[in-house]
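First the structure, in the form of structure tokens, and then the observations on it.
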Amino acid sequence: MQKIYSIDFKKALQRIEKHIVKTPLIDFESGNPKIKLKLKLECLQKTNSFKARGAMNHILQLSKRQKRKGVVSTSSGNHGKAVSWAAKKYSVPATICMEKKAYKNKIKACQDLGANVFLGSSRKEAEDECTKLVEQGLTLIHPYNSAKTIEGAGTIGLEIAEQWPEVDVVCVASGGGGSISGISLALKRALGSKIKILGVEPKGSPNLTKGLEAGHEYFLKKIETEIQGLCPLSTGDINVDICKENVEKILLLDDCDIFKTQKKLMENNNWIVEPAGAAAATPIFNDLFPKSWTKNKKELNVVAIVSGGNADQSQIRNL
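Under my numbering, the first residue of the sequence shown carries the number 1, and numbering increases by one thereafter.
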């Protein structure tokens, strides 16, 4: 629990704010008369995802020795791109361990930013390679199971609290749990218990749901989702500890509903949204939002975080 108490979102924001964008919070038609919806467009963040926040928060706290030796991480793409970007800014060697089936545009983005990219035949092979490199002295920048990553993600919560203090519910997608942990904890600290957090995961990758049921980190035996970015094998203990106290509900979503929402968010708009980035808004557009939360409300103020915009063009064409 000491790791949680040491998390300081305000200091993290002061540390990274000159490197990142304060992303817009825009009105968007919900299709539900009881929901006033705003979208937090992290797809317009540096590197086109919220991951830039946690990556930069890590890089800025490296020692001189760690900078010389370099950093390493596993990633399905967005975290890898963010680490590559932040490392390049400070001339830190970076290695990103990914699956071969990761979207080609994300692999290329890491390479274009100067990172060494290892491509494994599976997520486990990529993670095993990452472990070997950490043992050789590289510093791990974990995509979700790290207080520094959680601090970075939580700065989104601080921005929402400032931009719309009247917000009632914030919807957040969970892959490894770093973003939902940081955002939920930051919002509860800023706005108190009145704020509700609605988490979402793909049905085929319910690692946070299983972790909360077990009360500790849970390792999935198999992944059965096509939503890249929301399908690590586990979430970390620190995320389970934070979410069990700060997240009111987690919904499990069908991939097809996430893809439908991705298409809806991009229609007539000039931003790109990837499937994982569309997941948080999916309950609102597919009649999955908890009805008990709107039952006695004239209108509920809801934010959905559009977490990333690094969509592969071939995937968009197939929508």
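Think of the CB as a built atom: it goes at the ideal place given N, C-alpha and C, for glycine as much as any other residue.
Any idea if residue i is buried or exposed, counting beta-carbon neighbours within 10 angstroms, 16 or more meaning buried?
i: P202; result: buried
i: H216; result: exposed
i: L319; result: exposed
i: V240; result: buried
i: N268; result: exposed
i: P165; result: exposed
i: Q313; result: exposed
i: Y5; result: exposed
i: S73; result: buried
i: Q61; result: exposed
i: K263; result: exposed
i: V302; result: buried
i: R68; result: exposed
i: Y90; result: exposed
i: V117; result: buried
i: S26; result: First, the amino acid is wrong: residue 26 is Ile here, not Ser. Exposed, by the Cβ-count rule.
i: F219; result: exposed
i: E274; result: buried
i: S76; result: buried
i: D257; result: buried
i: Q14; result: exposed
i: A126; result: buried
i: D168; result: buried
i: K100; result: exposed
i: V247; result: buried
i: P206; result: buried
Taking DSSP as the reference, what is the three-state secondary structure of residue i?
i: P202; result: strand
i: V169; result: strand
i: I197; result: strand
i: S234; result: strand
i: D8; result: coil
Name the one or two DSSP bridge partners that residue i has.
i: N116; result: T95
i: L140; result: V72
i: D128; result: Paired residue(s): none; D128 is not in a bridge.
i: L25; result: K40
Assuming residue i and residue j make a contact with CB atoms under 8 Å, what is their CB distance in whole Å?
i: A153; j: G182; result: 3 Å
i: S84; j: C110; result: 5 Å
i: A52; j: A82; result: 5 Å
i: K3; j: I195; result: Incorrect: roughly 22 Å between the Cβ atoms, too far for contact.
i: I156; j: K40; result: 7 Å
i: G326; j: G54; result: Only positions 1 to 319 of the chain appear in this structure, which leaves residue 326 out of reach.
i: G199; j: V172; result: 6 Å
i: M98; j: L119; result: 6 Å
i: A102; j: Q228; result: 7 Å
i: I242; j: A280; result: Going by Cβ atoms, the distance from I242 to A280 rounds to 17 Å, so no, they are not a contact pair.
i: S122; j: G309; result: With 8 Å as the limit, S122 and G309 do not qualify as a contact, their Cβ atoms being about 26 Å apart.
i: T282; j: Y144; result: T282 to Y144, Cβ: 20 Å. No contact.
i: C231; j: G175; result: 7 Å
i: K284; j: A311; result: Rather than Lys, the amino acid found at residue 284 in this sequence is Ile. Wrong, their Cβ atoms sit about 20 Å apart, outside the cutoff.
Is residue i close to chain D, meaning its C-beta is less than 8 Å from at least one C-beta of that chain?
i: W85; result: Judged by its chain identifiers, the structure shown contains no chain D, having just a single protein chain.
Go through the region 249-309 residue by residue and report every complete run of the beta strand (DSSP E) that reaches 3 residues or more, in order. 249-253, 300-306
Taking only runs of the beta strand (DSSP E) that begin and end inside the region 29-86, which ones reach a length of at least 3 residues, in chain order? 35-41, 71-74
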